[in-house]
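Peer 1:
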Amino acid sequence: MKRTHTCGDLRAAHVDQTVTLCGWVHNRRDHGGIIFLDLRDRYGLTQVTLDPDICGKDVLELGNRVRSEWVLQITGKVTSRGDKKNPNLATGEIEVFVKDLVVLNKAETPPFEIDEHIKVGEEPRLKSRYLDLRRPGMQRNLMIRHRVTKVVRDYFDAERFLEIETPTLCKYTPGGARNFIVPSRLHQGSFYALAESPQLFKQLLMVGGYDRYLQIARCYRDEDLRNDRQPEFTQIDLEMSFIDMDDIMNLGEGMCRAVWKNLLGVDLPAKFRRMTWAEGMLKYGSDKPDLRYGMEIVELTDWAPTSGFSVFQKAVEAGGVVRALNAKKATEILSRRTLDTLTEFAKGYGAKGLAWIKIGGDPSKAESWQGPAAKNITEAARIELGSRMKVEDGDVLFFGADSFKVVCATLGAVRVELGTKLLKLARGDDWQFLWIHSAPAFEWSDESQALVANHHPFTAPYDDHVDLLASDPAKVLSKSYDMVLNGNEIGGGSIRIHDSATQAKVFKALGISDDDAQKKFGFLLHALSFGAPPHGGMAFGLDRLIMLITQADSIRDVIAFPKTQRGRDEMLDCPTPVTDRQLKELALVTAAPTAAKA
C-alpha cells in the first residue's frame with residue numbers, strides 16, 4: 001500500500017481514519033512495553049505508537065529492533081492525544097496507533113544526529129551531505145529557495161518576460177572574472193570557457209528582438225571563495241530593450257517586494273533609496289553600505305592641516321585625505337584591548353594604523369579627550385572637531401589618514417566591524433535596501449598596471465562622458481546600478497552599449513587593440529551594426545538572496561551540494577586527477593601528477 005499522507009499532514013480532523021505513512025525514524029522511545037516512534041519526512045513529523053494490544057507481539061518485536069534513520073512504512077489508526085497533545089508540533093494533536101509496520105530499509109548509525117538543534121561541524125555535514133539534507137534547517141532553506149524562484153518566475157511572467165536558456169559552454173572573453181576552461185576533444189588545442197554569466201548572449205537576444213528576457217542561470221567563476229561565493233552559482237538574469245535605468249530599477253524593486261511579501265509577509269517600501277557611487281564612498285567608505293546603523297564618515301581633509309597632529313598633516317601634504325567616524329556611546333564596550341585588535345584589523349586594509357579618541361566626560365574639556373591622537377590636537381582644532389563630529393560623553397572617534405582608496409577601505413571596514421560585531425547595531429530582519437548607481441566606468445588595477453572595467457566592458461557611459469573615453473577615461477561615469485541589502489550586493493546591472501562605435505572606444509580605453517577586439521568580440525561588434533536596440537539589464541545573486549532571507553551563515557547552507565571554501569566537493573571527493581589516456585585524447589600534458597595510466 002502506498003502512503004496516504006505525509007508526516008506533516010495529519011490533524012484532529014483525521015481522527016479515526018486509517019492511514020499509511022512512510023518516512024525515517026527520527027526518535028524511538030520505549031515506555032514499559034509501548035514503543036513510541038517519531039516518523040519524519042520533509043513535510044514534518046508524526047508520533048506513531050506501537051501498543052501490543054493493537055499491533056500484536058510480532059510488530060512490537062520488529063519495533064524493538066528499529067533504530068534511528070531506518071526507513072519505515074506504517075499503517076494505523078489516527079487517534080487524538082487529548083490533554084497530552086504537543087503544542088510545539090504541527091501534528092501534535094494526534095498520534096497513529098500502528099497496526100502494521102514494514103521496514104523499507106535499515107540504516108547504519110549516522111555520523112551526526114539529524115537534528116537542527118545539535119551543532120555539527122561543516123566538514124562532516126559536507127562529507128555526508130545526503131544526511132545533512134535531511135536536517136529540518138537545510139530542508140527549510142531549500143524549500144524557501146524553491147518558493148523564491150517560483151515567485152520570481154511568476155512576477156516576470158506577468159511582466160511579459162520570456163525565459164530563454166543560453167549556452168554554458170562558450171568562448172573565453174577577457175575583462176571579467178577568471179573563467180574555468182574546458183578542453184575540446186574534437187578541436188584539440190582549443191578550449192571552451194564555462195559561462196561566467198549570460199551577459200553577451202542576452203545582449204544578442206536583444207538584437208534578435210526578444211525585448212524581455214529572463215533566465216535562472218547557472219554561472220561559473222574560478223575565483224577565491226568565501227562565505228558568500230561559490231565556483232558555480234545561480235543568478236536571476238534579465239535583460240530589456242527600449243528602457244532606461246529607472247525602468248530596470250523599478251522592476252528589480254518590484255521583484256523584491258513580491259518575494260518579501262510572499263515569503264516573509266513583509267511589505268517593503270514603494271521606492272528604495274538611491275545613492276550615487278561617489279556618495280556611498282564619501283559617507284560610508286563602501287559601494288555596498290549597510291544602512292542599518294549610522295556612523296557616517298565625516299570629511300576632515302580641510303581641517304587636518306591646522307590640527308596640530310603631524311600624522312594628519314603629512315597625509316594631506318602627500319595628497320591623501322583625513323576622515324573620521326563617530327561610534328556613539330561606545331566607550332564602555334570598546335576596551336583598550338578591543339581598540340588594539342581593531343587597529344590590527346585596520347592594517348589588513350592597507351592602513352598604517354588607526355588613530356582613535358575616546359570622549360569620557362564633558363566634551364568641552366580637554367581632559368575628557370583620551371587616546372594617542374588626542375594629546376596632539378590643538379585646542380582650537382579640538383573644538384572644531386567636536387562640533388563637526390557632534391561628540392558627546394561616551395563617544396569614540398576613529399580616524400583614517402592616507403590615500404582616498406585606503407581610507408575608504410579602512411573606515412568602511414571598521415564601520416561594518418563596529419556596527420555588526422562589536423556594537424551589534426544591526427538586526428537581521430531590518431531590511432535596508434539601497435541602489436548604488438553611476439559608478440566610474442573604469443578602475444585602476446595594481447596587478448595589471450592598467451585601467452580595467454569596473455562592471456564589464458559592455459556598460460554604457462553617460463552620454464556627456466563619451467568624449468572622455470579618449471581624453472580622460474578615469475573620469476567616465478557609467479550607467480550602472482547595484483542593489484545593496486544590509487551591506488551585501490545582491491544584484492547589479494547597467495545600461496549596455498548598443499552601438500559599435502562607442503563599444504570600440506571602450507575597448508580602446510581598456511587597451512584592447514582593434515585586432516584583439518575583432519578576435520575576441522567581433523561577433524558582438526558585428527551584431528551591434530545590425531540595428532541593436534537600446535537595452536540594459538541586471539542579475540541578482542539567487543544564492544546570496546536566499547542566504548539573507550533565511551539569515552543563514554553561508555551560501556553553502558542554501559545550496560544542495562556546495563563546494564568548500566577551497567573549491568572541493570567533499571562528498572564526491574573532487575576535483576581529481578585524470579588518466580594519461582584522457583589527457584592524450586585531449587592532446588594535453590600536465591606538470592601535476594595524473595591518475596592511473598588506464
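In the working numbering, the protein residues as written are 1 to 598.
Each residue gets a CB set at the ideal place from its N, CA and C atoms; glycine is no exception.
These numbers come from a predicted model, not from an experiment.
Helix, strand or coil for Y155, going by three-state DSSP, please let me know.
Peer 2: Working through the sequence shown from its first residue, we reach residue 155 at position 155. DSSP places Y155 in helix when its eight states are reduced to three.
Peer 1: Taking only three categories from DSSP, how would you classify C55?
Peer 2: Here residue 55 is taken as the residue at index 55 of the sequence shown, counted from 1. Three-state DSSP puts C55 in a helix.
Peer 1: CB W24 to CB V71, shorter than 8 Å?
Peer 2: On the sequence shown, residue 24 is found 24 positions in, with the first residue counted as 1. On the sequence shown, residue 71 is found 71 positions in, with the first residue counted as 1. It is a contact, given that the beta carbons lie within the stated cut-off.
Peer 1: Taking DSSP as the reference, what is the three-state secondary structure of W435?
Peer 2: By one-based count along the sequence shown, residue 435 stands at place 435. W435 falls in the strand class under three-state DSSP.
Peer 1: Would you report the Cα separation of T168 and L194, rounded to the nearest angstrom?
Peer 2: In the sequence shown, residue 168 corresponds to position 168, counting from 1. In the sequence shown, residue 194 corresponds to position 194, counting from 1. Taking the straight line from one Cα to the other gives about 6 Å.
Peer 1: How is C7 classed by DSSP in three states: helix, strand or coil?
Peer 2: Counting from 1 along the sequence shown, the entry for residue 7 is found at position 7. Three-state DSSP puts C7 in coil, outside helix and strand.
Peer 1: Consult DSSP for R42 and reduce its assignment to one of helix, strand or coil.
Peer 2: Counting from one through the sequence shown, the residue named residue 42 turns up at place 42. Of the three classes helix, strand and coil, the one that applies to R42 here is coil, per DSSP.
Peer 1: Rounded to whole angstroms, what is the Cα-Cα separation between C219 and R229?
Peer 2: Along the sequence shown, read from residue 1 onward, the residue named residue 219 stands at position 219. Along the sequence shown, read from residue 1 onward, the residue named residue 229 stands at position 229. About 12 Å.
Peer 1: May I ask you to report which of helix, strand or coil DSSP gives L275?
Peer 2: In the sequence shown, counting from the first residue as 1, residue 275 sits at position 275. The sequence shown places Met at residue 275, not Leu. It is a strand residue.
Peer 1: Does the Cβ of T75 have 16 or more other Cβ atoms within 10 Å, making it buried, or fewer, making it exposed?
Peer 2: As a position in the sequence shown, residue 75 is number 75, starting the count at 1. T75 is buried by the Cβ-count criterion.
Peer 1: Give the single residue among L586, K99, L572 and L411 whose Cα lies nearest to the Cα of L342.
Peer 2: In the sequence shown, counting from the first residue as 1, residue 342 sits at position 342. The option with the nearest alpha carbon to L342 is L411.
Peer 1: Would G428 be called buried (16 or more neighbouring beta carbons within 10 Å of its own) or exposed?
Peer 2: Numbered from 1 along the sequence shown, position 428 holds the residue referred to as residue 428. Per the 10 Å Cβ criterion, exposed.
Peer 1: Where does the unbroken beta strand (DSSP E) through A509 begin, and where does it stop?
Peer 2: Here residue 509 corresponds to residue number 509 of the sequence shown, with the count starting at 1. Looking at the DSSP string, A509 is not in any beta strand (DSSP E); the run it does join, the alpha helix (DSSP H), is S500 to A509.
Peer 1: With DSSP collapsed to three states, give me the class of L385.
Peer 2: Position 385 of the sequence shown, counted from the start, is the residue given in the question as residue 385. Three-state result, L385: helix.
Peer 1: At what residues does the beta strand (DSSP E) containing M483 begin and finish?
Peer 2: Your numbering for residue 483 matches position 483 in the sequence shown. S480 to L485 is the extent of the beta strand (DSSP E) around M483.
Peer 1: By the 10 Å Cβ neighbour count, where 16 or more other Cβ atoms means buried, how is I359 classified, buried or exposed?
Peer 2: If you number the sequence shown from 1, residue 359 lands on position 359. Burial call: buried.
Peer 1: In chain order, which continuous runs of the beta strand (DSSP E) of length 3 or greater are located wholly inside the segment 154–237?
Peer 2: 181–183, 191–194 and 212–220, all fully within the segment 154–237.
Peer 1: Whole angstroms are fine: how far does the CA of R388 sit from the CA of A381?
Peer 2: Working through the sequence shown from its first residue, we reach residue 381 at position 381. Working through the sequence shown from its first residue, we reach residue 388 at position 388. Cα to Cα, A381 sits roughly 10 Å from R388.
Peer 1: Would you mind giving the Cβ-Cβ distance between P461 and L469, rounded to the nearest angstrom? I have them listed as a contact below 8 Å.
Peer 2: Here residue 461 refers to the residue found at position 461 when the sequence shown is read from its first residue. Here residue 469 refers to the residue found at position 469 when the sequence shown is read from its first residue. About 7 Å; that satisfies the 8 Å criterion.
Peer 1: By Cβ distance below 8 Å, which residues in the same chain neighbour F561 in space, the five residues on each side in sequence not counted?
Peer 2: Stepping through the sequence shown from its first residue, residue 561 is reached at position 561. Closer than 8 Å at the Cβ level, and outside the excluded window around F561, lie R129, D569 and M571.
Peer 1: Around the C-beta of A355, are 16 or more other C-beta atoms found within 10 angstroms, so that it is buried, or is it exposed?
Peer 2: Working through the sequence shown from its first residue, we reach residue 355 at position 355. Buried: at least 16 other Cβ atoms inside 10 Å.
Peer 1: Looking at Y284: is its Cβ nearer than 8 Å to the Cβ of E296?
Peer 2: Here residue 284 corresponds to residue number 284 of the sequence shown, with the count starting at 1. Here residue 296 corresponds to residue number 296 of the sequence shown, with the count starting at 1. Cβ distance < 8 Å, so Y284 and E296 count as in contact.
Peer 1: Roughly how many angstroms lie between the CA atoms of M240 and I144, to the nearest whole one?
Peer 2: Numbered from 1 along the sequence shown, position 240 holds the residue referred to as residue 240. Numbered from 1 along the sequence shown, position 144 holds the residue referred to as residue 144. Each residue's alpha carbon lies about 27 Å from the other.
Peer 1: So, helix, strand or coil for I94, using DSSP?
Peer 2: Here residue 94 corresponds to residue number 94 of the sequence shown, with the count starting at 1. Strand, per DSSP.
Peer 1: Determine whether the beta carbon atoms of N488 and R544 lie at a separation below 8 Å.
Peer 2: By 1-based counting over the sequence shown, the position of residue 488 is 488. By 1-based counting over the sequence shown, the position of residue 544 is 544. Cβ distance < 8 Å, so N488 and R544 count as in contact.
Peer 1: Report the CB separation of F156 from L214 in whole angstroms; it is logged as a contact under 8 Å.
Peer 2: Translated into positions along the sequence shown, residue 156 becomes position 156. Translated into positions along the sequence shown, residue 214 becomes position 214. Indeed, because the Cβ distance is near 5 Å, the residues count as touching under 8 Å.
Peer 1: Assuming A539 and M206 make a contact with CB atoms under 8 Å, what is their CB distance in whole Å?
Peer 2: As a position in the sequence shown, residue 539 is number 539, starting the count at 1. As a position in the sequence shown, residue 206 is number 206, starting the count at 1. Between M206 and A539 the Cβ distance is about 15 Å, and since that is not below 8 Å, they are no contact.
Peer 1: Measure the Cβ-Cβ separation of G567 and L225 and say whether it is below 8 Å.
Peer 2: Looking up residue 567 in the sequence shown gives position 567. Looking up residue 225 in the sequence shown gives position 225. A contact, by the Cβ cut-off of 8 Å.
Peer 1: Between R273 and I436, what straight-line distance do the alpha-carbon atoms span, to the nearest angstrom?
Peer 2: The residue you call residue 273 lines up with position 273 of the sequence shown. The residue you call residue 436 lines up with position 436 of the sequence shown. If I take the Cα positions, the gap works out to 9 Å.
Peer 1: Taking 8 Å as the threshold (C-beta atoms), are A351 and G400 in contact?
Peer 2: Start at 1 with the first residue of the sequence shown, and residue 400 comes out as number 400. Start at 1 with the first residue of the sequence shown, and residue 351 comes out as number 351. Yes.
Peer 1: Pull up the distance between the alpha-carbon of R185 and that of K584, whole angstroms please.
Peer 2: As a working mapping, residue 185 is identified with position 185 in the sequence shown. As a working mapping, residue 584 is identified with position 584 in the sequence shown. Their backbone Cα atoms lie some 10 Å apart in a straight line.
Peer 1: What does a CB cutoff of less than 7 Å around T306 pick up in its chain, not counting 5 residues either side in sequence?
Peer 2: The sequence position of residue 306 within the sequence shown is 306, counting from 1. Contacts found: A381.
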